[in-house]
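As structure tokens, the structure follows; a few thoughts come after it.
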Amino acid sequence: MSEIIFYHNPMSRGQIIRWMLEEVGAPYDTEILDYASSMKDESYRAINPMMKVPAISHNGKIVTECAAICAYLADVFPEAGLGPRENEKADYYRWLFFAAGPLEQAVTNKAVGFEPSAERERMFGYGNYDLAVNTLADHLAGRDYVCGSRFTAADVYVGSAVLWGVQFGTMPKLDSFVAYADRIGQREAYKRGKDEDNQLIAEMQAAG
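Here the sequence shown is numbered in my numbering, starting from 1 and rising by one per residue.
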């Protein structure tokens, strides 16, 4: 058995962690869970009381939450070169957690039809949708990756948000988003993970 167990459903944010694991290059075993049954079993609830995927177990230690898993894997597998160098740490942590916090809130709230009134914007960590989205777009304009010219684990998380958002219309097709999505979508690790998950999805759909 590999030292990493990846708890996953291919129709979930687990695709982010599949990509990250492929970037890391360490061997891992995948356990596929379904929403109706195995994700709610007591055995999995002991791993993640939220009863959601993804999660990983690494040498018996559990990590949940996509941004945390990306940062953790970059940290414990430094040979993959996905963690921040000293001069990259400010951008790395800032934008990793911006995407996991304000951006995620703004995008999901808008997707379900909720946007705070102008009077209540300061109650929310993102202010309003346009402010959050344009803040990230402005950062990405004129640079290849989150930290500048080098790909890091922050790009797995931020990149997943942009790739998904541009593809499914939850984020606008701004020039900086489209260029960034095209760039990171060419990574071999991304394509390997996507192919694996697309195959799993096809098998699940065929099985009904």
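Don't be surprised by glycine CBs; every beta carbon is placed ideally from N, CA and C. Computed from a prediction, not measured in an experiment: that's the story for all the values here.
In angstroms with no decimal places, state the Cα-to-Cα distance between residue i and residue j.
i: R183; j: D144; result: 8 angstroms
i: I5; j: A118; result: 45 angstroms
i: K89; j: A137; result: 20 angstroms
i: N9; j: S38; result: 11 angstroms
i: M20; j: C66; result: 10 angstroms
i: Q15; j: L174; result: 23 angstroms
i: Y92; j: P78; result: 15 angstroms
i: E203; j: G193; result: 16 angstroms
i: D197; j: K52; result: 17 angstroms
i: G155; j: V146; result: Here residue 155 turns out to be Asp, not Gly, going by the sequence shown. Cα to Cα, the separation comes out at about 6 angstroms.
i: I17; j: R120; result: 34 angstroms
i: V63; j: R45; result: 13 angstroms
i: P49; j: Y190; result: 29 angstroms
i: K110; j: K40; result: 28 angstroms
i: G113; j: W95; result: 25 angstroms
i: L140; j: D130; result: 15 angstroms
i: K61; j: R13; result: 20 angstroms
i: I32; j: D195; result: 16 angstroms
i: G208; j: I201; result: 11 angstroms
What does DSSP give as the partner residue(s) for residue i in the beta ladder?
i: F6; result: T30, I56
i: K61; result: H58
i: G148; result: Y145
I think residue i touches residue j, with their Cβ atoms under 8 angstroms apart; what is that distance to the nearest whole Å?
i: A153; j: A132; result: About 21 angstroms; that fails the 8 angstroms criterion.
i: V166; j: F177; result: 5 angstroms
Just checking residue i against the ligand NAP - is the residue's beta carbon closer than 8 angstroms to any of the ligand's heavy atoms?
i: V158; result: This structure lacks the ligand NAP; in fact it carries no ligand of any kind.
Legend entry - Three or more C-beta pairs below 8 angstroms linking the stretch 93-105 and the stretch 150-166: yes
Inset, instruction - Determine, using beta-carbon pairs with one atom in the stretch 3-17 and one in the stretch 44-63, whether at least three such pairs fall under 8 angstroms. - result: yes
Legend entry - Any 3 or more C-beta pairs closer than 8 angstroms across the stretch 177-192 and the stretch 123-132: no
Legend entry - Three CB pairs or more closer than 8 angstroms across the stretch 24-36 and the stretch 169-182: no
Inset, instruction - At 4 residues or longer, and completely inside the stretch 150-194: list those alpha helix (DSSP H) runs for me, N to C. - result: 153-168, 175-184
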